[in-house]
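What follows is a short report on a single structure.
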Amino acid sequence: MNQQPLGLLERLYLTEVARGLALTARHFFANFPRHVARGLGFKVDKGGTVTFQYPEERRPFARRLRTRHRLVKREDGSPRCVACMMCETVCPARCIHIVATEHPDPNVEKMPKVFDIDLGMCVFCGFCVEACPEDAIRMDTGVVELASYTREGMVYRIHQLLD
């Protein structure tokens, strides 16, 4: 296969650099007046800007986005989880820890005494949700801001997951 040798402009990439600078300048000059007006306190339509003014303006999330975990409750307020350990077993990050105990209702075999998820280790893969036979754990809270000053603060206990 014969390739044509590159010309001088192609070897220096001058035309591509100029096209990239022109595109950047076009976006800058189109959006700059909106940002100045917003900075002066005027209400400006979104228009063609791609900047979200966080935290006042939130980025729209997809409906299927996997966010912070939650445990589903029964009608009596107890967790729906039966401590089958499926989510703990399937978790690739090994961030779920469950200790089982007897449920006061004789119709339910077990319930979790301890149910901890270390969100500092979690990779938000959703395997725990898929593996749960009771549909007791979900990742649909919409909470994406997860921060803590300590590692212990990233461990969510059963009472936090039920809220």
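Those letters in the sequence shown? Residues -17 to 145, by the numbering used here.
Cβ coordinates follow ideal geometry from the N, Cα and C atoms, glycine included.
Cβ neighbour criterion (16 or more within 10 Å) applied to residue i
{"i": "H51", "result": "buried"}
{"i": "L143", "result": "buried"}
{"i": "E70", "result": "buried"}
Endpoints, alpha helix (DSSP H) assigned at residue i
{"i": "H79", "result": "No alpha helix (DSSP H) contains H79, which is instead part of the beta strand (DSSP E) from 78 to 84."}
{"i": "A75", "result": "Careful: A75 lies outside any alpha helix (DSSP H) and carries neither H nor E."}
{"i": "G2", "result": "-4 to 21"}
{"i": "E112", "result": "109 to 113"}
Neighbourhood of residue i by C-beta distance below 6 Å, restricted to the same chain and skipping five residues each side
{"i": "H79", "result": "D98"}
{"i": "F109", "result": "V72"}
{"i": "V96", "result": "V81"}
{"i": "V26", "result": "R16, A19, R20"}
Test item: CB-CB of residue i and residue j under 7 Å
{"i": "E116", "j": "V81", "result": "no"}
{"i": "A118", "j": "L53", "result": "yes"}
{"i": "R120", "j": "V111", "result": "yes"}
{"i": "R41", "j": "F34", "result": "yes"}
{"i": "A113", "j": "M68", "result": "yes"}
{"i": "T(-3)", "j": "L(-10)", "result": "no"}
Of the listed residues the options, nearest to residue i (C-alpha basis)
{"i": "T83", "options": "R76, M93, C110", "result": "M93"}
{"i": "V137", "options": "P86, R40, L101", "result": "L101"}
{"i": "A75", "options": "C107, Y(-5), L(-9), L5", "result": "C107"}
{"i": "I140", "options": "N(-16), S60, V90", "result": "S60"}
Own chain, CB closer than 7 Å to residue i, minus 5 neighbours either side, in chain order
{"i": "C77", "result": "I99, D100, M103, C104"}
{"i": "T123", "result": "T49, R50, R52"}
{"i": "V90", "result": "V64"}
Bounding residues of the beta strand (DSSP E) (the contiguous stretch that carries residue i)
{"i": "M93", "result": "92 to 100"}
Contacting residues, own chain, Cβ-Cβ under 8 Å from residue i (five flanking each side not counted)
{"i": "R62", "result": "L53, V54, K55, R56, E116, D117, A118"}
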